[in-house]
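The structure appears right after this line, and notes come after that.
There are 2 protein chains.
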Amino acid sequence: MEQRLSIITLTVDDLARARAFYEALGWRVASETAASEIVCFTLNGIGFALYPRQRFREEMGIGDLSCEADGGVVLAFNVRSRDEVAKTLDEAVEAGGTLMKAAADVFWGGHSGHFRDPDGHIWEVAWNPFSPLDESGSFSWSAT
Amino acid sequence: MEQRLSIITLTVDDLARARAFYEALGWRVASETAASEIVCFTLNGIGFALYPRQRFREEMGIGDLSCEADGGVVLAFNVRSRDEVAKTLDEAVEAGGTLMKAAADVFWGGHSGHFRDPDGHIWEVAWNPFSPLDESGSFSWSAT
Numbered sequence: 001m002e003q004r005l006s007i008i009t010l011t012v013d014d015l016a017r018a019r020a021f022y023e024a025l026g027w028r029v030a031s032e033t034a035a036s037e038i039v040c041f042t043l044n045g046i047g048f049a050l051y052p053r054q055r056f057r058e059e060m061g062i063g064d065l066s067c068e069a070d071g072g073v074v075l076a077f078n079v080r081s082r083d084e085v086a087k088t089l090d091e092a093v094e095a096g097g098t099l100m101k102a103a104a105d106v107f108w109g110g111h112s113g114h115f116r117d118p119d120g121h122i123w124e125v126a127w128n129p130f131s132p133l134d135e136s137g138s139f140s141w142s143a144t
Numbered sequence: 145m146e147q148r149l150s151i152i153t154l155t156v157d158d159l160a161r162a163r164a165f166y167e168a169l170g171w172r173v174a175s176e177t178a179a180s181e182i183v184c185f186t187l188n189g190i191g192f193a194l195y196p197r198q199r200f201r202e203e204m205g206i207g208d209l210s211c212e213a214d215g216g217v218v219l220a221f222n223v224r225s226r227d228e229v230a231k232t233l234d235e236a237v238e239a240g241g242t243l244m245k246a247a248a249d250v251f252w253g254g255h256s257g258h259f260r261d262p263d264g265h266i267w268e269v270a271w272n273p274f275s276p277l278d279e280s281g282s283f284s285w286s287a288t
């Protein structure tokens with residue numbers, strides 16, 4: 001697993017309120033999904049996203065994130081091909097992580113899976129055909 | 145507040161175990177404080193750190209982070225001068241954030257303060273004279 005990170009997602013109770021806060025700081029949204037269920041900002045070579053907490057819990061099949069070690073923060077490691085997702089999850093498990101959700105096609109059109117590090121922090125490993133990584137591994141949201 | 149981020153810190157229950165996990169993934173530590181109380185990795189233009197959860201709680205004067213919205217993840221926004229710390233915290237409060245810890249000189253030799261976003265996620269605003277930002281705002285740990 002290369003020494004880099006693609007996206008930080010903060011899960012939030014009120015998406016409009018969270019978006020208004022970061023916009024009031026002067027940040028500008030990069031793009032949104034058609035359903036407006038995610039708010040995306042491109043930072044310095046990484047993505048930053050706001051996502052409804054309840055929806056994330058349902059997708060993951062987990063309970064109240066506010067009492068888990070991760071607390072509703074998800075780090076993402078994006079890869080360059082579909083096959084790399086399962087391979088990277090295997091690496092993480094070999095290193096001592098715990099598989100949370102196996103590699104699978106996901107509703108937004110990509111392929112991803114999740115693991116937890118030894119303290120419970122959540123990492124998503126994702127192949128996103130709509131926002132390919134650049135040569136250096138930098139990430140930015142593409143327009144949707 | 146510029147649209148960028150400097151460091152992601154995961155607070156952990158067992159620093160040696162957490163470090164072993166990320167090293168087993170193939171990541172290499174950039175530098176450590178003399179006291180080895182923080183483990184630092186330089187990623188793609190951002191820093192990534194592992195820090196003892198109990199120590200962070202004591203420094204912040206807060207209770208069990210595992211049951212707070214942030215869950216022991218801290219995002220850092222580093223600034224180019226000492227004066228910018230208080231100014232940036234003011235901006236965050238004006239935008240709807242909550243001051244958590246006012247700007248002050250800190251034990252590691254810098255100057256920093258903390259705010260929470262509307263969902264409770266923690267941001268540190270820091271001036272670190274030992275690891276200055278580059279022109280573009282990219283961050284990397286300097287050798288200590």
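Those protein sequences? They're chains A and B, same order as listed.
At position 136 of the first sequence the residue is numbered 136 (the numbering used here), and the sequence of numbers has no breaks.
At position 138 of the second sequence the residue is numbered 282 (the numbering used here), and the sequence of numbers has no breaks.
Glycine included, C-beta positions come from ideal geometry on N, C-alpha and C.
When C-beta atoms of the segment 127-138 of chain A are compared with those of the segment 230-243 of chain B, fewer than three pairs fall below 8 Å, so the two segments do not count as touching. Around the Cβ of residue 274 (chain B), a 10 Å sphere holds fewer than 16 other Cβ atoms; the residue is exposed. Not flagged as an interface residue toward chain A: residue 252 (chain B), since no C-beta distance is shorter than 9 Å. Under the three-pair Cβ rule at 8 Å, the segment 97-111 of chain A does not count as touching the segment 247-260 of chain B. Contact annotation, residue 56 (chain A) with residue 6 (chain A): C-beta distance approximately 17 Å; criterion of less than 8 Å not satisfied.
Residues of chain B whose Cβ lies closer than 7 Å to the Cβ of residue 138 (chain A) are, in chain order, 188.
With respect to the C-alpha of residue 117 (chain A), the residue from B:161, B:145 and B:146 having the closest C-alpha is B:161.
The C-beta of residue 228 (chain B) has 16 or more other C-beta atoms within 10 Å across all chains shown, which makes the residue buried.
DSSP places residue 105 (chain A) inside the beta strand (DSSP E), whose first and last residues are 98-105. Note: residue 41 (chain A) is bridge-paired with A:48 in the DSSP secondary-structure output. A Cβ-Cβ distance of about 5 Å is found for the pair residue 96 (chain A) and residue 165 (chain B), placing them in contact under the 8 Å criterion. Contact residues of the segment 11-40 of chain A toward chain B are 11, 12, 13, 14, 17, 18, 20, 21, 22, 23, 24, 25, 26, 27 and 28 (C-beta to C-beta distance below 9 Å).
Between the beta-carbon of residue 127 (chain A) and that of residue 82 (chain A) there is about 5 Å, and that keeps the pair under the 8 Å contact cut. Taken atom to atom, the span from the alpha-carbon of residue 163 (chain B) to that of residue 2 (chain A) is near 16 Å. Listed along chain A, the residues sitting closer than 8 Å to residue 219 (chain B) by beta-carbon distance are 8. In the three-state DSSP reduction, residue 25 (chain A) falls in the coil class, being neither helix nor strand. Here residue 95 (chain A) carries a coil assignment [DSSP, helix/strand/coil].
Going by beta carbons, residue 80 (chain A) and residue 187 (chain B) fall outside the 9 Å limit.
Membership of residue 2 (chain A) in any beta strand (DSSP E) is not indicated, and neither H nor E is assigned to it by DSSP. For residue 135 (chain A), there is no enclosing alpha helix (DSSP H), as DSSP marks it with neither H nor E.
Residue-level contact by beta carbon holds for residue 145 (chain B) and chain A, with a gap shorter than 9 Å. For residue 193 (chain B), the closest alpha carbon among the candidates B:277, B:268, B:276 and B:155 is that of B:155. In the structure shown, residue 53 (chain A) adopts helical secondary structure according to DSSP, grouped into three states.
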